[in-house]
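Q: What follows is a structure written as structure tokens; I'll ask about it next.
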Amino acid sequence: MVRLVTFPGAATAVRQVHPEVIITELTGETRFPDDVGRVQAWAAGSGMGTDDAAARRLAAVLATSLPVLIDADGLTLLARHRELLPRPAPTLITPHAGELGRLLDADPADIEARRLEHAVRAAAKLGACVLLKGSTTVVASPDGLDPVLVNTTGTPWLATAGTGDVLAGLAGALLAQGLLPSQAAICAAYLHGLAARLAVAGTGGIADEAGMPRAAAPIGAADVVGALPLAFRAL
Numbered sequence: 010m011v012r013l014v015t016f017p018g019a020a021t022a023v024r025q026v027h028p029e030v031i032i033t034e035l036t037g038e039t040r041f042p043d044d045v046g047r048v049q050a051w052a053a054g055s056g057m058g059t060d061d062a063a064a065r066r067l068a069a070v071l072a073t074s075l076p077v078l079i080d081a082d083g084l085t086l087l088a089r090h091r092e093l094l095p096r097p098a099p100t101l102i103t104p105h106a107g108e109l110g111r112l113l114d115a116d117p118a119d120i121e122a123r124r125l126e127h128a129v130r131a132a133a134k135l136g137a138c139v140l141l142k143g144s145t146t147v148v149a150s151p152d153g154l155d156p157v158l159v160n161t162t163g164t165p166w167l168a169t170a171g172t173g174d175v176l177a178g179l180a181g182a183l184l185a186q187g188l189l190p191s192q193a194a195i196c197a198a199y200l201h202g203l204a205a206r207l208a209v210a211g212t213g214g215i216a217d218e219a220g221m222p223r224a225a226a227p228i229g230a231a232d233v234v235g236a237l238p239l240a241f242r243a244l
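Structure below.
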């Protein structure tokens, strides 16, 4: 079961496509998170905004004892409110180089050049598992004891708007099923990349063994979502 907390306009659009989603609409009368109901994990950030009210909602989520994934606008808020981390409960952040640069006060170009080093540094500094998105996705745990994990299914076809939100939702769902942050992160990254390759194959695109495009095949985030069942079955 999926619970969605969002604004009324977005809620209307989601109901038209996914009527099974349980939605809490954010209005002036909403008591957050009391009005949401029971959840096993939170995925926070995608489309939540970056104003003071959004910062209060993120703080409320992080004050719970539940696993939390933070992406997109949530990472922007974290860069402004670094006191929100670390926290005792499992936490996973999913930044690209620009977002991680804001969290570390580092140059995104330097992060791209030394991805593993900066992912490890961020995990230790923030006390959270870090999934650093990009040409090579790496996952670093905060304790420094686990090996850094590197995904093998990445493909340039994922460099399109919205696919990062798909990855966040997938990893958040795996967190809710009880996986540890590093497990949820690497499984989500692997399935995400595999689904993209399968989506491309379904449109007639061609890739080499490393997932690099040989022939153009435009896909979007919805195509990746549609291919996820095939990715799971391919395991």
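Positions 10 to 244 (the numbering used here) are the ones given, in order, by the sequence shown. C-beta: ideal position from N, C-alpha, C; glycine also. On a predicted model such as this, the values are computed, not experimentally measured, just so you know.
Nearest to Ala98 by alpha carbon, out of Pro104, Leu184, Leu125 and Phe41?
A: Here residue 98 corresponds to residue number 89 of the sequence shown, with the count starting at 1. Nearest of Pro104, Leu184, Leu125 and Phe41 to Ala98, Cα basis: Leu184.
Q: With distances taken from CA atoms, which of Gln25, Gly136, Gly229 and Phe241 is nearest Pro190?
A: Position 181 of the sequence shown, counted from the start, is the residue given in the question as residue 190. For the residues Gln25, Gly136, Gly229 and Phe241, the minimum Cα distance to Pro190 belongs to Gly136.
Q: Measure the beta-carbon distance from Ala240 to Leu200 and round it to whole angstroms, keeping in mind my assumption that it falls under 8 Å.
A: As a first step, residue 240 must be located in the sequence shown, where it is residue number 231. As a first step, residue 200 must be located in the sequence shown, where it is residue number 191. Yes, they are in contact, since the Cβ atoms of Ala240 and Leu200 sit about 5 Å apart, within 8 Å.
Q: Residues in the same chain with beta-carbon distance under 7 Å from Val234, minus the five sequence neighbours each way, listed in chain order, please.
A: Mapped onto the sequence shown, residue 234 falls at position 225. Closer than 7 Å at Cβ, skipping near neighbours: Val175.
Q: Between which two residues does the alpha helix (DSSP H) carrying Ala69 extend?
A: As a first step, residue 69 must be located in the sequence shown, where it is residue number 60. Where Ala69 is concerned, the enclosing alpha helix (DSSP H) stretches over Asp61 to Leu71.
Q: Are there 16 or more other CB atoms within 10 angstroms of the CB of Met57, so buried, or fewer, so exposed?
A: Indexing the sequence shown from 1 puts residue 57 at position 48. Met57 comes out buried.
Q: Work out the CA separation of Gln49 and Gln186 for me, nearest whole Å.
A: The residue labelled residue 186 in the question sits at position 177 within the sequence shown. The residue labelled residue 49 in the question sits at position 40 within the sequence shown. Going by the C-alpha atoms only, they are around 8 Å apart.
Q: Apart from the five residues just before and just after Gly18, which ones in its own chain have a Cβ nearer than 7 Å to its Cβ?
A: Here residue 18 refers to the residue found at position 9 of the sequence shown. None.
Q: Assuming Ala64 contacts His90 (C-beta within less than 8 Å), just tell me the rounded distance between them.
A: In the sequence shown, counting from the first residue as 1, residue 64 sits at position 55. In the sequence shown, counting from the first residue as 1, residue 90 sits at position 81. The C-beta distance from Ala64 to His90 rounds to 6 Å, short enough to fall under 8 Å.
Q: Do you know how far the Cα of Thr164 is from the Cα of Arg123?
A: On the sequence shown, position 114 is the one that residue 123 refers to. On the sequence shown, position 155 is the one that residue 164 refers to. Here the C-alpha atom of Arg123 lies approximately 19 Å from the C-alpha atom of Thr164.
Q: Is it the case that the CB of Pro156 approaches a heavy atom of the ligand FAD more closely than 8 Å?
A: With respect to the ligand FAD, the structure offers nothing, as it holds no ligand at all.
Q: So, for Thr172: in the same chain, excluding its five sequence neighbours on each side, which residues have a beta-carbon less than 6 Å away from its beta-carbon?
A: Numbered from 1 along the sequence shown, position 163 holds the residue referred to as residue 172. Closer than 6 Å at the Cβ level, and outside the excluded window around Thr172, lie Ala230 and Val233.
Q: Output needed for Gly107: all residues of its chain with C-beta closer than 6 Å, excluding positions within five of it in sequence on either side, in chain order.
A: By one-based count along the sequence shown, residue 107 stands at place 98. Here the set comprises Pro117.
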